[in-house]
Amino acid sequence: MRRIFFFYGLICYLLSVLTVFYLVGFVTNTMVPKSINSGVYTPVWYALLIDLGLLALFALQHSVMARRGFKSLWTRLIPAPLERSTYLLLSSAALLLLVWQWRPLGDVLWDLRGTSWAPLLISLGWLGWLLVFSSTLLLDHLGFLGLRQAYDQLRNRETPPPEFRTPGPYRLVRHPMYLGFLLAFWLAPVMTLAHFLFALGMTAYIWLGMALEERELERSFGDSYREYQRRVPRLIPVPWRWLPAEAMAR
Ligand SMILES: C[S@@+](CC[C@H](N)C(=O)[O-])C[C@H]1O[C@@H](n2cnc3c(N)ncnc32)[C@H](O)[C@@H]1O
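Residue numbers (full-length UniProt numbering): 1 to 250.
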């Protein structure tokens, strides 16, 4: 059984990584056959209904299943070491459904192609993706994607509880991964109505998810996390806070 469980964890891990790579192509309108601005054109009201429904489904699945209360119920049905892998399997399914069924809405809110803004927006958008990937790698890539838990059960050992850490960009903002997603979703040289709707929906979800996540981080790490909240801004880096205290006093 342990080998089968590990294989399941591995498949979920690979599926999640591939889904995120597809999402990069979907949002940037590059490399993939179905992007945020392509697909079947339908009446606007119908496209809005489908797209909002897909965003709501993803947000609901992704935030409800990440909550502590839900996890303790859920792990009565599935083995605890596979909880994270199953969460990611269902998150990938919700995202792939969104990508597959997403309806384009062609009205253009801004089109900065050919202006000097375009290269700046494209570069900052890719910087956002880089921030997403580097943040998972620095914090706990294998743990977030469930592979550590699946491997530990294969070796018949307990996975230690997550530690509070502040590597690299976590010293500048508390949520670099979410900051990366916001840059990647918003900074596009061409903004169609469909892209705008996606960016708006994801921003609302990130805002809510961030508040719920911080509540649980406070419960898990107590004063260390509260002190971190006082010292480090949520999303927007504040350069003067990077100066040493003596320089600030001068
Ligand atoms: C998808 S990650 C997002 C991390 C962070 N919100 C960000 O935007 O970079 C969510 C997981 O990271 C964990 N997490 C967030 N900040 C953390 C920190 N400083 N140390 C350890 N775990 C953290 C949360 O408990 C949650 O399980």
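C-beta: ideal position from N, C-alpha, C; glycine also.
As the structure is a computational prediction, the values presented were derived from the model and not from experiment.
Proximity below 8 Å, CB of residue i to CB of residue j
i: glycine 25; j: arginine 84; result: no
i: residue 333; j: leucine 131; result: Lying outside 1 to 250, the shown extent of the chain, residue 333 is not represented and no answer is given.
i: phenylalanine 133; j: serine 224; result: no
i: valine 64; j: leucine 105; result: no
i: isoleucine 122; j: proline 189; result: yes
i: proline 233; j: valine 173; result: yes
i: leucine 183; j: glycine 125; result: yes
i: phenylalanine 6; j: tyrosine 151; result: yes
i: tryptophan 36; j: phenylalanine 221; result: Looking at the sequence itself, residue 36 is isoleucine, so the reference to tryptophan does not match. It is not a contact, given that the beta carbons lie outside the stated cut-off.
i: tyrosine 8; j: leucine 82; result: yes
i: leucine 95; j: phenylalanine 58; result: yes
i: leucine 89; j: leucine 54; result: no
i: alanine 118; j: leucine 127; result: no
According to DSSP, residues forming a beta bridge with residue i
i: methionine 192; result: It is threonine, not methionine, that sits at residue 192 in the sequence shown. Looking at the DSSP assignment, threonine 192 forms a beta bridge with Val108.
Rounded C-alpha distance that separates residue i from residue j
i: histidine 175; j: leucine 217; result: 12 Å
i: leucine 193; j: arginine 103; result: 11 Å
i: leucine 120; j: threonine 166; result: 29 Å
i: proline 79; j: serine 91; result: 18 Å
i: alanine 93; j: proline 162; result: 26 Å
i: tryptophan 100; j: leucine 200; result: 19 Å
i: threonine 115; j: leucine 10; result: 45 Å
i: proline 169; j: glutamine 153; result: 31 Å
i: threonine 19; j: phenylalanine 196; result: 21 Å
i: arginine 231; j: threonine 136; result: 22 Å
i: valine 110; j: proline 160; result: The identity of residue 110 in the sequence shown is tryptophan, whereas the question assumes valine. Between tryptophan 110 and proline 160, the C-alpha separation is close to 48 Å.
i: arginine 2; j: threonine 86; result: 16 Å
i: leucine 139; j: threonine 42; result: 42 Å
i: threonine 28; j: asparagine 156; result: 42 Å
i: arginine 171; j: arginine 219; result: 20 Å
i: arginine 67; j: arginine 215; result: 10 Å
i: proline 33; j: valine 40; result: 13 Å
i: serine 72; j: histidine 62; result: 16 Å
i: glutamate 158; j: isoleucine 50; result: 42 Å
i: methionine 177; j: tryptophan 129; result: 9 Å
i: leucine 52; j: threonine 203; result: 13 Å
i: serine 16; j: valine 108; result: 31 Å
i: isoleucine 4; j: cysteine 12; result: 12 Å
i: alanine 56; j: tyrosine 205; result: 9 Å
Under 5 Å, CB to nearest heavy atom of ligand 1: contacting residues: Those residues are Ser135, Phe164, Arg165, His175, Pro176, Met177 and Tyr178, given in chain order.
Uninterrupted alpha helix (DSSP H) stretches inside the stretch 136-223 (no shorter than 4 residues): The qualifying runs are 141-144, 147-154 and 176-186.
Starting from the N-terminal side, write out each stretch of the beta strand (DSSP E) that is 3 residues or longer and does not extend beyond the stretch 71-121. Entirely contained in the stretch 71-121, the beta strand (DSSP E) runs reaching 3 residues are, in chain order, 108-111.
For the stretch 9-59, list the alpha helix (DSSP H) runs that are entirely contained and at least 4 residues long, ordered along the chain. Taken in chain order, the stretch 9-59 contains no complete alpha helix (DSSP H) segment of 4 residues or longer.
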